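Notes for the one structure printed next.
What follows is the structure, given as structure tokens:
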């Protein structure tokens with residue numbers, strides 16, 4: 047919901063996995079909340095790109111969660127690929143990132159969430175498209191890692207499970 051607050055009064059659209067709009071109840075609601083599902087078939091990408099372009103031309107934000115899955119209260123930045131940065135290159139738009147940090151409260155168990163908004167990150171026009179994606183990814187990732195270090199409270203501890211063989 048943070049992108050919605052940041053760009054208000056304009057709308058924020060979120061690129062989502064198709065599973066998010068195929069659920070019985072939520073699937074009917076999420077498109078009205080700005081969900082733009084990634085097509086599962088190649089022939090549907092034309093309409094998907096047309097929808098993205100329409101929203102961008104209207105001045106709305108397109109939100110991508112490059113980590114893929116949201117881990118509530120996680121205090122670090124998980125590695126992500128440059129793939130998500132193809133959209134700003136295709137449409138020539140700047141990139142902004144937001145990083146949630148978690149601060150210990152004097153009272154209560156849940157942490158206070160402090161969100162940092164950084165950007166704009168512009169395309170490096172001297173690079174080819176592949177390197178532009180990687181460059182944008184690296185600059186955004188480094189910024190988010192730096193911001194995440196401002197967290198001073200770990201509400202949920204995520205522990206990697208070892209796979210049994």
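In this note's numbering, the protein residues as written are 47 to 211.
Beta carbons are placed, not taken as given, at the ideal position from N, Cα and C, and that holds for glycine.
Since the structure is predicted, the reported quantities are computational estimates derived from the model, not experimental observations.
*Report buried or exposed for residue 192, applying the criterion of at least 16 other Cβ atoms within 10 angstroms of its Cβ.*
It counts as exposed.
With contact counted as at least three CB pairs below 8 angstroms, one residue from each stretch, are the segment 184-204 and the segment 116-135 in contact? Output reads yes: the segment 116-135 touches the segment 184-204.
- [ ] Mind the definition here: the segment 192-204 touches the segment 155-165 only if three or more C-beta pairs lie below 8 angstroms; say whether that holds.
- [x] Taking a contact to require three or more Cβ pairs closer than 8 angstroms, the segment 192-204 and the segment 155-165 qualify as touching.
- Starting from residue 149, trace the beta strand (DSSP E) both ways and give me its first and last residue. Element bounds for residue 149: 141-149.
Reducing DSSP to helix, strand and coil, say where residue 174 ends up.
In the three-state reduction of the DSSP assignment, residue 174 falls in the coil class, being assigned neither a helical nor a strand state.
Go through its chain and collect everything with a Cβ distance to residue 109's Cβ below 6 angstroms, but skip five positions before and after it.
Contacts found: 49, 58 and 60.
Please name the residue in 133, 179, 55 and 68 whose C-alpha comes closest to that of residue 86. Selection 133, 179, 55 and 68 evaluated against residue 86 yields 68 as nearest (Cα-Cα).
What are the residues that DSSP puts in a beta bridge with residue 167? Beta-bridge analysis with DSSP links residue 167 to 141.
### residue 121 in three-state terms, based on DSSP
Residue 121 falls in the coil class under three-state DSSP.
Same chain, Cβ closer than 7 angstroms to residue 101, five either side skipped, listed in chain order:
So the list reads 59 and 108, once near-sequence residues are dropped.
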